[in-house]
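Note sheet for the following structure.
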Amino acid sequence: MGGLPRRATFISEELKDGVPALILDSGNLFSDKPLSRAAISPTLKKADLILKSMELMGYQAVAVGELDLYLGIDNLVKMTEWTPIRFLSANTKDPTGKPVFKPSAIFRVGDTRVGVFGLTSRLVDVRLMEDRAPGIWIDDPVKTAAALVPELRKRCDIVLALTHLGYNKDRELAQAVEGIDLIVGGRSKTWLKNPAVSGKTLITSGYFQGRAMGTLTLHLDGPPEKWVSGNRIDFLEKQIKAEREQGPSSMQTGQTAQFRRELEQAENGTRYDGDMITLMPSLADDETIAAMIRQYRKTLREEAGKTPGTEDQSALVRFTGFDPCIDCHMGRYNFWKETPHARAIESLKPKGADADPDCLPCHVTGYLRPTGFSPSAPREDLHGVQCEACHGTGSLHSGSPEIYNLVRAPKVTICLSCHTPDQDDDFDYVRDRALVCGEAVIGDR
Amino acid sequence: MADNKPGNSPHWIIILFAPFIILIIVLASYMLMEPGEQGAAGPVRILYTGDAGGALDPCG
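Top line first, the protein sequences correspond to chains C and Z. All residue numbers for the first sequence refer to this note's numbering, where the first residue is 300 and numbers rise by one. All residue numbers for the second sequence refer to this note's numbering, where the first residue is 12 and numbers rise by one.
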């Protein structure tokens, strides 16, 4: 599920009805985990692709997440110099207390002026911050918002907080600071099919790994004083209409009167219609962005040959490949070679992802580990998810099986490191283990 | 002496256009400071993502 090409298609479909739109992202754009120093350079290349894709999709602003900061503050600032997408964070500050990024921006969306300000979480890895963003500190988001919102309020029709704080902190923000109409949040990866309402503030949240996209339509007629859910209005109207057509029953009459009162009150509010749409495989890829990704992956494949290998002949614990396993475990080998695990790398080829460092770790054995699979010296016996991917390195066991045992039944956590919900939302350990081990051979050698 | 004649002085130009300049400044200030009462009208759509974590496209 997900993916930039599908997201682009979804956005262009959403824009077809001509409703003026603002496209935002709540941060942690480039990585889903803290980056090692070695990973910064390749991630920057990917970040370039991601930002250019988002620019084509029409994104206007993004919040700065803590994982973005670990890419290096100088690298992020350089990005802001070439991309038209605004990086917003009012509380990421330099040693003098000056914001490093733009605190806010005002966008004209149709006839509406939307003031957007960014907030970043204070829950950062201090050690990584010292390394990647020395001297940079994150100010209190609530105090920052309280100082910023009144001025923005004067100049805009809608004030929107684009945050990377997490859902609970977003709720605290809504309660603590008056004048925020809408919070588009992130960090907690909270699935909100419909926005939550806290006082006069609507709260939404981005979902993780680009699997879904949120859409929220505000039916404005002046500054919003009270938000009313479109789903609720539709429900009330449907109930009242049904009563009108079918005639009142004694039980329904009291309830319908209540519905009518609620609907009358709703007319004084501002209607919103929100939804979170999963980007399913049935959604076609946007060809321009798909081609950009293919080109990026082609470059990765070309560069892979120039990367130093990880072969270390002196290593005591080594990946042996599957050859030594066959001597004693022929039955299992014969079964395995017909499974999707054996062909895992083949499944990457249609999308040209067979050199993509984001994909390879789950499609080869021992990716970039000493003596494991390396794109620069790709051993064919480490292609696919073979014996050692689940049971551990085989050198000691194959030399002295009576002394060194391997993990006989790999724990579910090993499987789940690759069979994540976004890659395999139908994973079932017991059922799927039989698919890769074979019912008949479970219990055999 | 010619410089002191009213018709030749740049001050007269300023005096002549001053009301227009003031009007433009007042209108611009009004537009910048008080848009909220009039502007918010019609539907506005917000499309959003978050925590994409570098995901490009499903691997295979």
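From the three backbone atoms N, C-alpha and C, an ideal C-beta is built for every residue, glycine too.
{"Item": "Is Thr342/C near Ser330/C, with beta carbons less than 9 angstroms apart?", "Value": "yes"}
{"Item": "Indicate whether Thr587/C and Leu355/C have their beta-carbon atoms separated by less than 9 angstroms.", "Value": "yes"}
{"Item": "Between Leu303/C and chain Z, is there a C-beta pair that is closer than 9 angstroms?", "Value": "yes"}
{"Item": "What would DSSP say about Ser291/C, mapped onto helix, strand or coil?", "Value": "The structure shown does not extend to residue 291/C, since chain C is modelled only from 300 through 744, so no value can be given for it."}
{"Item": "Just to confirm my understanding: we take Phe406/C, look at its own chain, exclude 5 residues before and 5 after, and list those with CB closer than 7 angstroms. What are they?", "Value": "Leu321, Gln359, Val413, Val415"}
{"Item": "Could you check the C-alpha separation between Gln508/C and Phe28/Z for me, to the nearest Å?", "Value": "59 angstroms"}
{"Item": "Tell me, which residues are paired with His682/C by DSSP?", "Value": "Val663/C"}
{"Item": "Please state whether the Cβ-Cβ distance between Tyr632/C and Cys686/C is less than 9 angstroms.", "Value": "yes"}
{"Item": "Using a Cβ-Cβ cut-off of 9 angstroms, state whether Ala66/Z counts as contacting chain A.", "Value": "In the structure shown, chain A cannot be found, because the protein chains are C and Z."}
{"Item": "Just grab the DSSP bridge partners of Pro54/Z for me.", "Value": "His518/C"}
{"Item": "If contacts are defined as beta-carbon pairs under 8 angstroms, then Ile539/C and Leu562/C qualify, I think. What distance do you get, rounded to the angstrom?", "Value": "7 angstroms"}
{"Item": "At the 9 angstroms Cβ level, is Leu1/Z part of the contact set with chain C, yes or no?", "Value": "Residue 1/Z is absent from the structure shown; chain Z starts at 12 and stops at 71."}
{"Item": "State buried or exposed for Tyr615/C, treating a residue as buried only when at least 16 other CB atoms are found within 10 Å of its CB.", "Value": "Strictly speaking, residue 615/C in this sequence is Leu, with Tyr absent from that position. Label assigned to Leu615/C: exposed."}
{"Item": "Quick check: what's the CA-CA separation for Glu542/C versus Asp520/C?", "Value": "30 angstroms"}
{"Item": "What distance in whole Å lies between the Cβ atoms of Gly620/C and Asp680/C, which are believed to be in contact at a cut-off of 8 angstroms?", "Value": "3 angstroms"}
{"Item": "Give me the chain Z residues within the contact set of Asp727/C, using Cβ-Cβ distance strictly less than 7 angstroms, ordered along the chain.", "Value": "Simply none; closest approach about 20 angstroms."}
{"Item": "Give the interface partners of Ala51/Z over in chain C, defined as CB-CB distance under 7 angstroms, in chain order.", "Value": "Thr411, Asp456, Ile457, Leu519, Gly521, Pro522"}
{"Item": "Have a look at the DSSP bridge pairing and note the partners of Asp572/C.", "Value": "Thr516/C"}
{"Item": "So which residues of chain Z does Val318/C contact, with C-beta pairs closer than 9 angstroms?", "Value": "Gly53, Pro54, Val55, Arg56"}
{"Item": "Taking a cut of 9 angstroms between CB atoms, which residues from the region 482-512 of chain C lie near chain Z?", "Value": "Val483, Gly484, Gly485, Arg486, Ser487, Lys488, Thr503, Ser504, Gly505, Tyr506, Phe507, Gln508, Gly509, Arg510, Ala511, Met512"}
{"Item": "Since Ser325/C meets chain Z, which of its residues come closer than 8 angstroms, beta carbon to beta carbon?", "Value": "Tyr59, Thr60, Gly61, Asp62"}
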